[in-house]
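Residue numbers (the working numbering), protein chains in the order written: chain E, 88 to 250; chain P, 583 to 943; chain Y, 330 to 447.
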């Protein structure tokens, strides 16, 4: 049951990811991206990481893609459309990166350690267990992240002054 | 397995049936409420065989009328996205109800049935996630309309929604701190405790400031007056100007369903959910004095009814606010969200942290 | 979580079915009479002038950037709020430092005039 569910969701993820780069129109690319991100969230949920799944929806599908949408709406339609399907150097580079990842994937799936029937603690992936690690073991990275985000705001503010 | 599916379907039918009916009645209630407040009569024309019933047939008449209207798509627009936008408006609003508990666990025929469609362990975060997805209906509607004003309107609406979403998401943190859980079921159950033995420990007692922030931000999220700049049907044109027929109504229905969702979440987080003061699973009791036992089924029915009544009250309250207050100017609107509500929400989190800590001893 | 799959999938299906069916019905039942006036976008009732895709103030984009940053920060509050009682005074101090940086970010954006709309 779980396996069937996984294969369905994985198929949706991959086909929508392909659709992101193949779509002719920007808005459709973005919609495909949303579908990809949501189905990745669903995969997290299958893996019992419910908090991660919902954060994926809130942050990726609900915030980062909004930024993309705003960027698209800022531009004039005609200005962005023709340049989209440009191949050439960047396309070749992308293909190389993709090939590298496929190679890595095959390599790691051929050699990597696998656990059959891994046992999970009852609250694995729940918001409590994530927090318990985040606020004790990874306290310093957390505080550093807040500084990083402060820098991001400063950058955004400066960028508005230039413009 | 089969019986589980049947129970789930029954719960979905109950919740969605209720929500869609209340949404229909809200459409009528809004017209009547505005009429009362402006000294008019309001919608009263629709009748079936001469029976008028204060115009209560108007929602039915509206649906029939709107479905048989021409469904016009701007020729320069995008057909698919133009159809997707109203669909998303309804879908994201309806999906939220999956996690809102409408009653205590029902014990019947040896089964424990939690009266919530899906008791997810992410609870309120699910609501926030779907609230944040709702922005795409706004954006797509404006984008696919081939109308510069619609596009501008959707931009303003989207900026408004994301601005207030921050304060909304942050004000919930206080409630989570007070009850130590994100699950709406747990939160509703925890509100059955009493402070000083007699005052029910509802969210509004623990988080008065948080409640005000949440309610204000939630009203902005639903794009209702005083935050209804994206729509303001009496002045400018908004993001769904280029819509007709049912798709136009879908945005309004989506708004009403969001109103009900907000009322449901406010009830669950801040007003005890399905809790009725001094009635628990044992029956009616006066603290420290005596208990009158009530049958389990009766208690559940009372609690579900109480939940529905509370939701209706907040729906009505939002109608009242809508017809009482004038709307903001756009710079005031954004200023209110970013410079007032958001800092206040941060302050609320820290303040409640300190206060709870000092009470704990 | 496993037990709730079914409930969630069913809810999504029905929540999609209701608007889908109604929109489908309205496209079937509604009349289709295209007149020359209807071949233009409605806008304000005037004939449209110029293309619909105009440039917009960068302000809107900035709001989206700020929203993204603060949304990330807000999400960090949830695990803390759940564990608030267990983490006790140390957790509170931790979060105060975190909030201080968030507050600084907001103050900076405020001072730089990102939050002003003219």
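Backbone N, C-alpha and C define an ideal beta-carbon position, used for all residues, glycine too.
Taking 8 Å as the cut-off, the beta carbon of residue 113/E is found no closer than this to the beta carbon of residue 142/E. Taken in chain order, the members of the stretch 341–369 of chain Y whose beta-carbon sits within less than 8 Å of a beta-carbon on chain P are 341, 343, 344, 345, 347, 348, 349, 351, 352, 354, 355, 356, 358, 359, 360, 361, 362, 367, 368 and 369. Within 9 Å of the CB of residue 598/P, the CB atoms of chain Y belong to 340, 343, 344 and 347, in sequence order along the chain. Interface with chain P (8 Å Cβ-Cβ cutoff): residue 437/Y is excluded. A distance below 7 Å between beta-carbons, with the five flanking residues on each side excluded, links residue 156/E to the following residues of its chain, in chain order: 117. Rounded to whole angstroms, the gap between the alpha carbons of residue 927/P and residue 412/Y is 19 Å.
With respect to chain E, the C-beta atom of residue 417/Y has no partner C-beta closer than 8 Å. In the structure shown, residue 693/P falls within a strand segment according to DSSP collapsed to helix, strand and coil.
In this structure, residue 441/Y keeps its C-beta atom at 8 Å or more from the C-beta atom of residue 233/E.
The C-beta distance from residue 639/P to residue 628/P rounds to 4 Å, short enough to meet the 8 Å contact threshold. For residue 609/P, the enclosing alpha helix (DSSP H) starts and ends at 584–619. With respect to chain Y, the C-beta atom of residue 590/P has a partner C-beta closer than 8 Å. Between residue 735/P and residue 724/P, the beta carbon gap of about 6 Å places them in contact (Cβ cut-off 8 Å). For residue 849/P, the enclosing alpha helix (DSSP H) covers residues 827–852.
In the displayed model, residue 861/P falls within a strand according to three-state DSSP.
Judged by DSSP secondary structure, residue 790/P falls outside any beta strand (DSSP E) and instead within the alpha helix (DSSP H) spanning 790–803. Assignment of beta-bridge partners to residue 222/E by DSSP yields no partner. Residue 795/P sits away from residue 832/P, with the two beta carbons spaced by 8 Å or more.
Residue 99/E and residue 90/E have their C-alpha atoms roughly 14 Å apart. Nearest Cα to residue 871/P within the set 779/P, 855/P and 841/P: 779/P. Relative to the Cα of residue 805/P, the nearest Cα in the group 669/P, 747/P and 765/P belongs to 747/P. C-alpha of residue 405/Y to C-alpha of residue 700/P: approximately 25 Å in a straight line. Judged by DSSP secondary structure, residue 340/Y falls outside any beta strand (DSSP E) and instead within the alpha helix (DSSP H) spanning 334–358.
In the pairwise beta carbon analysis, the stretch 238–249 of chain E is classified as touching the stretch 382–400 of chain Y: at least three pairs are separated by under 8 Å.
Taking a contact as a CB-CB distance under 8 Å, the pair residue 590/P and residue 363/Y does not count as one, their CB atoms being some 45 Å apart. Chain-ordered listing is empty here: chain P has no CB closer than 8 Å to the CB of residue 88/E, the nearest sitting near 11 Å. Taking C-beta atoms as the reference points, residue 229/E and residue 221/E count as a pair closer than 8 Å. The beta-carbon separation of residue 389/Y and residue 737/P, rounded to 5 Å, stays under the 8 Å limit for a contact. Here residue 394/Y carries a helix assignment [DSSP, helix/strand/coil]. If you draw a straight line from the Cα of residue 673/P to the Cα of residue 940/P, it comes to about 43 Å. The contact set of residue 387/Y on chain P, defined by CB atoms closer than 9 Å, is empty, because the minimum CB distance reaches about 12 Å. Judged by DSSP secondary structure, residue 682/P falls outside any alpha helix (DSSP H); it is assigned neither H nor E. Taking C-beta atoms under 8 Å as the contact rule, residue 761/P and residue 823/P fail to qualify, at a distance of about 43 Å.
For residue 106/E, there are no neighbours in chain Y by C-beta distance under 8 Å, as the nearest C-beta there is about 20 Å away. Neighbours of residue 440/Y across chain P, judged by C-beta separation under 9 Å, do not exist; the nearest C-beta is about 11 Å away. For residue 183/E, no CB of chain Y lies under 8 Å from its own CB, so it is not counted at the interface with that chain.
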